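Quick note on the working numbering: the sequence shown kicks off at 1 and runs consecutively. Each residue gets a CB set at the ideal place from its N, CA and C atoms; glycine is no exception. All values derive from a computational prediction rather than experimental measurement. One structure below.
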Amino acid sequence: MNDNNKQTLPEMNDVWQETLNWQPTTLQKEQFQKLYELIIIGNKKLNLTRITNPEEFWEKHLWDSLRGIKFILENQINWQERKKVIDIGTGAGFPGLPIAITLPQYVVNLLDSTHKKISFIETILAELNIKNALTITNRVEQIGRLFQYRENYDTALLRAVAPTVVCAEYALPLLKIGGIAILYRGNFTTDEQANLSEVVKILGGEIETIEEFKTPLSKSIRNCIYLLKVRKTPIHYPRAVGVPTQKPL
């Protein structure tokens with residue numbers, strides 16, 4: 001490894017505690033550090049992320065990923081439940097990999113349609129000895145219609161995947177009734193919110209809450225949108241591959 005690969009992630013124990021009411025264990029810190037190093041190496045071939053500085057990586061990939069599950073981290077009773085999570089369009093493994101490291105009793109499926117990215121994630125799972133994460137190489141529109149995936153998950157994660165209404169169409173068919181979709185966004189406008197509310201209703205869900213917050217280091221504005229599945233999604237959703245993005249609801 002060159003010097004760039006030997007950079008160390010910041011500790012940030014106080015920030016973890018203040019912002020998420022949680023701190024990583026020694027093992028989790030080691031896994032986060034190793035994850036960072038592997039992403040830096042993989043980045044040279046696969047162009048996984050432009051975020052390579054350790055502080056930026058900590059904030060924009062680790063902290064941001066876990067901010068979406070703050071409600072779970074704060075309520076430690078939930079930790080013991082064995083829940084099923086799917087990270088839709090995981091890319092380089094965010095937010096799914098940090099969540100799998102943080103909640104080892106959860107089963108996390110990492111979905112992407114790009115074989116090279118999934119192969120890379122599989123090497124990470126082996127290197128970090130992560131036993132509770134599995135990869136799926138497919139399109140979300142296809143797995144959303146398959147019996148073994150449809151209405152099978154407690155939580156669906158979507159970060160920087162598509163517009164909010166498209167994310168809703170991807171996520172809600174995969175959730176059990178009572179499940180939660182977490183959409184990670186930058187800015188989120190009032191117009192988007194009005195449209196999303198209608199679309200989510202069609203798909204069998206409702207907007208449970210929208211949390212706007214600032215990241216701890218760069219003070220960037222972020223939003224997490226939480227969609228609750230309240231009834232079965234009509235069988236014709238999600239629509240065929242490509243249609244949700246070409247003709248958003």
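First through last residue of the beta strand (DSSP E) which encompasses residue i
i: residue 175; result: 175-185
i: residue 211; result: 205-214
i: residue 84; result: 84-88
i: residue 157; result: 153-159
Where residue i falls: helix, strand or coil (DSSP)
i: residue 5; result: Model confidence at residue 5 stands at a pLDDT of 46, short of 50, so the residue's coordinates are unreliable and nothing is read from them.
i: residue 223; result: strand
i: residue 243; result: helix
i: residue 21; result: coil
i: residue 40; result: helix
i: residue 201; result: helix
i: residue 45; result: helix
i: residue 232; result: coil
i: residue 70; result: helix
i: residue 143; result: helix
i: residue 217; result: coil
Beta-carbon separation (whole angstroms), residue i vs residue j, contact threshold 8 Å
i: residue 183; j: residue 225; result: 4 Å
i: residue 9; j: residue 58; result: 5 Å
i: residue 198; j: residue 227; result: Contact doesn't hold; Cβ gap of about 13 Å is too wide.
i: residue 171; j: residue 160; result: With a Cβ gap of about 14 Å, residue 171 and residue 160 do not count as contacting.
Beta-ladder partner(s) of residue i, from DSSP
i: residue 133; result: 108
Host alpha helix (DSSP H) of residue i (start-end)
i: residue 116; result: 115-127
i: residue 170; result: 164-171
i: residue 54; result: 54-57
Exercise. Are the stretch 81-96 and the stretch 153-165 touching, with three or more C-beta to C-beta distances below 8 Å?
Worked result: yes
Problem set entry | contact_flag[the stretch 93-105, the stretch 163-172] where n(CB pairs < 8 Å) is 3 or more | no
Exercise. So does the stretch 228-247 actually touch the stretch 188-196, counting three or more Cβ pairs closer than 8 Å?
Worked result: no
Problem set entry | Inter-stretch contact at 8 Å, needing at least 3 Cβ pairs: the stretch 131-148 / the stretch 111-118 | yes
Exercise. Are there three or more Cβ pairs, one per stretch, closer than 8 Å when the stretch 30-43 is compared with the stretch 121-129?
Worked result: yes
For this session: Check whether the stretch 200-219 touches the stretch 32-51, counting contact only when three or more Cβ pairs, one atom from each stretch, lie closer than 8 Å.
Result: no
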